[in-house]
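Start counting the sequence shown at 1; every next residue gets the next number (our numbering).
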Amino acid sequence: MLIKKPPRNAPSEAHATPESAYVSRRTVMKGLGAGIGGLLLARSAHALDLFSSEKNAAAVRKPLEFAAAKPVPELTLTPEAKVTNHNNFYEFGTGKTDPAENSQGLKIEPWTLTVEGEVEKPATVDVWKLMNEIGLEERIYRMRCVEAWSMVIPWVGFELGKFLQRFAPTSRAKYVAFETLYDPEQMPGQRNRYVGGGVDYPYVEGLRMDEAMHPLTILSVGLYGKTLPPQNGAPVRLVVPWKYGFKGIKSIVKIKLVERMPPTSWNKLAPQEYGFYANVNPAVDHPRWSQASERFIGPGGLFSVKRQPTLPFNGYAEEVAGLYSGMNLKKFY
Ligand code: MTE
């Protein structure tokens with residue numbers, strides 16, 4: 001499939017697919033992957049009856065106004081139904097289909113995002129108002145999960161760097177720390193270590209200031225032309241295409257500019273496996289598996305999942321390798 005911008009309001013694959021086929025595909029997808037790093041095998045969240053009764057009512061996704069991306073002929077888009085049904089969002093369970101099944105009741109409106117720390121103008125912004133006034137654009141990005149699967153996703157969002165400038169970072173701002181909503185009432189994984197994969201919540205992430213200011217780094221508020229579904233991190237999440245997917249923190253409520261390298265959730269949980277930088281690098285294996293290749297989740301069925309070589313910096317080396325010149329990338333993984 002060649003990349004074409006889908007017309008606004010075009011039916012998604014999920015809408016176009018008969019429910020029976022869709023459900024069976026979701027069941028098949030369940031078999032893929034074994035939780036991040038296979039660290040924890042929490043799979044029976046349903047039995048614990050921890051999830052909201054609203055879990056099956058799909059959250060409404062609104063169409064967005066945005067500047068369409070230029071076509072990227074060499075990339076094939078991952079179908080929307082796969083982007084929204086093969087997720088990691090441990091606050092809603094560790095299985096790949098758990099987030100889609102269990103997050104639909106997440107209250108995403110209203111939603112505020114606070115920017116504070118080393119800025120001259122700290123403020124709390126209304127994310128839904130921001131979406132209307134900021135000027136959104138589409139970015140078709142390769143995405144690479146540390147578990148060695150990859151997707152190509154048409155995100156809608158805005159550059160994090162331009163957004164941060166509004167708050168006037170001080171010269172002491174060296175890193176950016178991000179935080180996901182902490183609300184155990186709504187997020188079953190936060191009240192139960194088993195469901196939540198052992199992560200110390202709230203989920204936190206970080207970037208070096210120059211990474212955050214790089215024009216490829218965006219805050220995303222949508223995909224496939226519509227607002228994000230909860231399972232992909234509604235209403236606002238980070239997207240850094242040259243890094244492993246776990247850097248893409250979801251449902252962000254706080255951004256703090258800081259002097260020192262901030263803690264990150266996966267690094268706290270398994271520092272020998274997940275570093276701060278997490279740049280996609282085929283030459284540096286995960287301690288338990290190779291990162292030299294990846295399974296691309298594309299339009300075909302399970303048996304057509306394509307194995308392809310992993311690209312340095314996930315294919316964005318030309319744009320970002322300079323950020324790390326002189327650094328030993330085996331040490332700073
Ligand atoms: N953000 C939060 N708050 N909680 C999570 O469990 N998982 C991360 C990242 N952001 C996660 C998160 C991981 S491991 C991946 S691979 C990506 O989200 C997956 O994003 P996607 O589901 O939109 O593909």
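The beta-carbon is built from N, C-alpha and C at its ideal position, and this holds for glycine as well.
The structure displayed is predicted, hence computed values, not measured ones.
Under 8 angstroms between C-beta atoms of residue i and residue j
{"i": "GLU138", "j": "THR217", "result": "no"}
{"i": "VAL240", "j": "LYS250", "result": "no"}
{"i": "TYR224", "j": "GLU80", "result": "yes"}
{"i": "GLY245", "j": "VAL146", "result": "yes"}
{"i": "ALA69", "j": "ILE140", "result": "yes"}
{"i": "ALA100", "j": "ASN85", "result": "yes"}
{"i": "HIS214", "j": "LEU323", "result": "yes"}
{"i": "ARG295", "j": "ARG307", "result": "yes"}
{"i": "VAL258", "j": "TYR333", "result": "no"}
{"i": "ILE297", "j": "TRP155", "result": "no"}
{"i": "GLU179", "j": "LYS254", "result": "yes"}
{"i": "GLU91", "j": "GLY196", "result": "yes"}
{"i": "ASN328", "j": "VAL83", "result": "no"}
{"i": "THR310", "j": "ARG142", "result": "no"}
Cβ shell of residue i (< 7 angstroms), same chain only, five flanking positions each side left out
{"i": "LYS268", "result": "ASP200"}
{"i": "PHE334", "result": "With the chain covering 1 to 333 only, the question about residue 334 has no answer from this structure."}
{"i": "ARG61", "result": "LYS226, THR227 and PRO229"}
{"i": "PRO184", "result": "GLN190 and ARG191"}
{"i": "TYR182", "result": "GLN190, TYR201 and PRO202"}
{"i": "SER290", "result": "none"}
{"i": "ASP126", "result": "PRO110 and THR112"}
{"i": "ALA123", "result": "VAL115 and PHE167"}
Same chain, Cβ closer than 8 angstroms to residue i, neighbours up to 5 away in sequence not counted
{"i": "GLU109", "result": "TRP128 and PRO235"}
{"i": "ALA47", "result": "Caution is warranted here: a pLDDT of 41 is assigned to ALA47, below 50, making its placement in the model unreliable, and no coordinate value can be reported."}
{"i": "ALA168", "result": "VAL119, GLU120 and LYS121"}
{"i": "PHE66", "result": "LEU136, GLU137, GLU138, VAL156, GLY222 and GLY225"}
{"i": "LYS331", "result": "none"}
{"i": "MET209", "result": "PRO169, ALA173, LYS174, TYR175, VAL176 and LEU257"}
{"i": "ALA58", "result": "GLN104 and PRO229"}
{"i": "THR272", "result": "Checking the sequence, you will find Gln at residue 272 rather than Thr. So the qualifying residues of the chain are PRO287."}
The ligand MTE heavy atom lying under 7 angstroms from the CB of residue i
{"i": "ASN267", "result": "no"}
{"i": "SER251", "result": "yes"}
{"i": "TYR90", "result": "yes"}
{"i": "GLY157", "result": "no"}
{"i": "THR217", "result": "no"}
{"i": "PHE276", "result": "no"}
{"i": "TYR203", "result": "yes"}
{"i": "ASN85", "result": "no"}
{"i": "GLY245", "result": "yes"}
{"i": "ASN232", "result": "yes"}
{"i": "THR78", "result": "no"}
{"i": "THR180", "result": "yes"}
{"i": "GLY367", "result": "Nothing about residue 367 can be read from this structure; the chain reaches only from 1 to 333."}
Sequence-distant residues of its chain with Cβ nearer than 6 angstroms to residue i (five each side left out)
{"i": "VAL334", "result": "In the structure as shown, the chain begins at 1 and stops at 333. Residue 334 is therefore absent and cannot be evaluated."}
{"i": "LEU106", "result": "GLN186 and PRO230"}
{"i": "MET131", "result": "VAL221"}
{"i": "ALA212", "result": "LEU160 and VAL176"}
Test: residue i CB closer than 8 angstroms to a CB of chain B
{"i": "ARG307", "result": "The question asks about chain B, but that chain is absent: this structure has only one protein chain."}
Tell me, please, whether the stretch 251-264 touches the stretch 195-211 by the rule of three or more beta-carbon pairs shorter than 8 angstroms.
These segments touch.
Would you say the stretch 166-173 touches the stretch 77-96, given that touching needs at least three Cβ pairs under 8 angstroms?
The stretch 166-173, when compared against the stretch 77-96, does not touch it at the 8 angstroms Cβ threshold.
Take every Cβ of the stretch 273-289, pair it with every Cβ of the stretch 309-317, and state whether three or more of those distances are shorter than 8 angstroms.
Flag = yes, the stretch 273-289 and the stretch 309-317 touch.
At 3 residues or longer, and completely inside the stretch 256-298: list those beta strand (DSSP E) runs for me, N to C.
Look at the stretch 256-298 and you find these whole runs of beta strand (DSSP E), each 3 residues long or longer: 293-296.
Entirely enclosed alpha helix (DSSP H) segments - the stretch 64-112, minimum 4 residues
List check, alpha helix (DSSP H) in window: 80-83 and 98-102.
Can you check the stretch 141-173 for any beta strand (DSSP E) of at least 3 residues that lies completely inside it and give the ranges in chain order?
Restricted to the stretch 141-173, the beta strand (DSSP E) segments that are unbroken, complete and at least 3 residues in length are 149-159, listed in chain order.
Complete alpha helix (DSSP H) runs within the stretch 165-253 (minimum length 4 residues, chain order)
Taken in chain order, the complete alpha helix (DSSP H) segments of 4 or more residues contained in the stretch 165-253 are 209-213.
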